[in-house]
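Structure first, then comments.
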Amino acid sequence: MDFIREAPRGVGCKNHKANFKKEIPVPYSKIGRWILFIALCILIGESPLRAAESDAPKDATFVKILEGAYHASCDDVDRLRDYYRADAQIIHDGRLTTLNETIKEIKESIRPLQGLHCSYQPRVRGTRISGEMAYLIVHESIRLSAGAVEPQQIEQICNYVFLKEGSQWKIAVDHCSTIPGEAV
Numbered sequence: 000m001d002f003i004r005e006a007p008r009g010v011g012c013k014n015h016k017a018n019f020k021k022e023i024p025v026p027y028s029k030i031g032r033w034i035l036f037i038a039l040c041i042l043i044g045e046s047p048l049r050a051a052e053s054d055a056p057k058d059a060t061f062v063k064i065l066e067g068a069y070h071a072s073c074d075d076v077d078r079l080r081d082y083y084r085a086d087a088q089i090i091h092d093g094r095l096t097t098l099n100e101t102i103k104e105i106k107e108s109i110r111p112l113q114g115l116h117c118s119y120q121p122r123v124r125g126t127r128i129s130g131e132m133a134y135l136i137v138h139e140s141i142r143l144s145a146g147a148v149e150p151q152q153i154e155q156i157c158n159y160v161f162l163k164e165g166s167q168w169k170i171a172v173d174h175c176s177t178i179p180g181e182a183v
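At position 179 of the sequence shown (counting the first as 1) the number is 178 in numbering that gives the first Met the number 0, and the numbers step up by one without a gap.
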């Protein structure tokens with residue numbers, strides 16, 4: 000292939016950019032990178048903060064429902080029906096139950112406990128509302144103590160689906176997974 004020869008550097012088609020390299024001064028390229036880095040940090044860092052601020056009012060509605068349901072489960076278990084739909088699906092650590100089964104299990108487990116004290120702290124991680132349906136991801140911290148029984152601290156991540164019944168939001172799906180103690 001004698002007829003194909005490489006042209007000397009700088010020789011060839013004037014529009015061919017491969018033969019013409021433009022060097023960017025080093026200080027300019029470093030400044031440009033820093034400006035781009037700072038701009039990205041501001042854009043990425045502020046958008047979740049703004050979302051959290053704007054979600055606070057709508058989250059409060061659902062947090063109030065969750066707190067009410069939690070306190071009902073400690074005080075008057077039958078009041079859970081005020082917060083859950085009749086056909087609610089409750090999944091805790093991979094075990095699926097209905098609302099009636101859950102109420103029965105809670106009653107049996109708290110019956111022997113005297114002076115039960117419960118505290119509940121929900122931290123909403125995400126919210127989506129679309130018409131008559133809402134979805135929440137919540138990190139829950141629960142503390143249970145009763146008389147001589149050693150207090151229990153439970154951390155769990157829960158996914159909730161709320162559906163609107165008339166003018167009220169009710170829990171349709173309650174799916175929680177306990178976080179192991181060492182991960183807390």
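Cβ atoms here follow ideal geometry from the backbone N, Cα and C, with glycine treated the same way.
Those runs of the beta strand (DSSP E) which lie wholly inside the stretch 79–136 and span at least 3 residues: 83–91, 94–97, 115–129
Here's a check: name, in chain order, each residue in its chain whose Cβ is nearer than 6 Å to the Cβ of ILE141, leaving out the five neighbours to either side. TYR119, ILE153
Check whether the stretch 78–97 and the stretch 165–174 are in contact - that is, three or more C-beta pairs closer than 8 Å. yes
Quick check on the burial criterion: 16 or more other C-beta atoms within 10 angstroms. Buried or exposed for GLU137? Note on residue identity: the sequence assigns Val, not Glu, to residue 137. Burial call: buried.
Straight-line CA distance for SER129 to LYS163? 11 Å
Among SER166, ASP77, ALA59, PHE161, which residue has its Cα nearest to the Cα of THR101? ASP77
Hey, would you say VAL62 sits closer than 7 Å to PRO121, going by beta carbons? yes
Continuous beta strand (DSSP E) stretch holding ASP173: start and end: 167–177
Using the beta-carbon count (16 or more within 10 Å), is ALA189 buried or exposed? No statement about residue 189 is possible, as the shown extent of the chain runs from 0 to 183 and does not include it.
If you count every other CB in all the chains shown that lies within 10 Å of the CB of SER72, and 16 or more means buried, which is it? buried
With C-beta atoms as the reference, is ASP75 less than 7 Å away from THR177? no
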